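> Dropping a structure here in structure tokens format, bear with me for questions.
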Amino acid sequence: MVCEDEASQSLRPPRARSWGRIGQTPVVRVRGRGSGRVSMAGMVCFRREDRSRLIYSFRVHRGRKGELKGFTRQDYRDLIVRAHNQLKGPIVLVCNNLRTHLMPQMKDFIAANEDWLTVFHFPSYAPDLNPQEGIWSLVKRAIGNLAAANLDQLAAAVKRSLKKTQYRPHLIDGCLIGTGLTLTS
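Using this note's numbering, read the sequence shown as starting at 110 and increasing by one per residue.
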């Protein structure tokens, strides 16, 4: 089973907890200005009697004219093919109802690869069922106290956080447990 989702982060950091002296609330000034963001797409992969995996891709959008802001259907297709190559087996993909996932070209890709690819969609507005949302929560918690000076620093922090999570299968398993879903044979 493979669950897919996407997220993004701008230079304005997510809210996070920190520590400070009693009675003195710490305030960190950040620019948070400018156009630009880091877009992420990821898949958490679960297989019985195998370690859980995280396969991800990210793109830095600098706010330039003509530059892609997010992922295209080709990017999602390439991510699915990469997961298939790494997992070396058939994939049951569960994804949200993003317009890109429902495009006719994606439906044609799914139909052309139905021997190894089966796709289901999460119900609308059900992020609590997607284990990949837990991964985004871990990433945003890791960069919560980061006051990035520029987009490159933010991208490096996101990549570092995703890479750390990738090598900790117990965290990925915890994201599945957090949804209340289980793997059955």
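Just so you know, even glycine gets a beta-carbon here, dropped at the ideal spot from N, CA and C. Keep in mind it's a predicted model, so treat the numbers as computed, not measured.
#1: Quick check: what's the CA-CA separation for Arg171 versus Leu120?
#2: Is the beta carbon of Pro278 closer than 8 Å to that of Ser161?
#3: With DSSP as the reference, label Arg171 as helix, strand or coil.
#4: Starting from the Cα of Thr274, find the closest Cα among Gly151, Asn222 and Glu115 and give me that residue.
#5: Arg173 and Phe218 - do their beta-carbons sit closer together than 8 Å?
#6: So, using beta-carbon positions, are Gly175 and Ser148 closer together than 8 Å?
#7: Just the C-alpha distance for Phe155 and Leu188, rounded to the nearest angstrom, thanks.
#8: For Ser127, which residues from the same chain have a beta carbon less than 7 Å from its beta carbon, with the 5 sequence-adjacent residues on both sides left out?
#9: Count the other CB atoms, across all protein chains shown, that sit within 10 Å of the CB of Ser270; report buried if there are 16 or more and exposed otherwise.
#10: Would you kindly work out how many angstroms separate the C-alpha atoms of Ala265 and Ser246, rounded to a whole number?
#11: Which residue's Cα is closest to the Cα of Glu113: Val203, Leu280, Glu223 and Val267?
#12: Helix, strand or coil for Val248 per DSSP?
#13: Count the other CB atoms within 10 Å of the CB of Glu347; is the residue buried (16 or more) or exposed (fewer)?
#14: Note down the Cα distance separating Ala258 from Leu196, rounded to an integer number of angstroms.
Looking at the atomic coordinates:
#1: Each residue's Cα considered, the two are about 11 Å apart.
#2: Going by C-beta atoms, Ser161 is nearer than 8 Å to Pro278.
#3: Coil.
#4: Residue Gly151 is the option with its Cα nearest to Thr274.
#5: No, Cβ-Cβ distance for Phe218 and Arg173 is not below 8 Å.
#6: No, Cβ-Cβ distance for Gly175 and Ser148 is not below 8 Å.
#7: Take the alpha-carbon of Phe155 and the one of Leu188: they are about 16 Å apart.
#8: Shown here for Ser127: same chain residues with a beta carbon closer than 7 Å to its own, the five before and five after excluded, namely Pro135 and Asn254 in chain order.
#9: By the neighbour-count definition (other C-beta atoms within 10 Å, threshold 16), Ser270 is a buried residue.
#10: Straight-line Cα distance between these residues: approximately 17 Å.
#11: Taking only the C-alpha atoms, the option nearest Glu113 is Val203.
#12: Val248 falls in the helix class under three-state DSSP.
#13: With the chain running from 110 to 294 in the structure shown, residue 347 is simply not present.
#14: The C-alpha of Leu196 is placed about 37 Å away from the C-alpha of Ala258.
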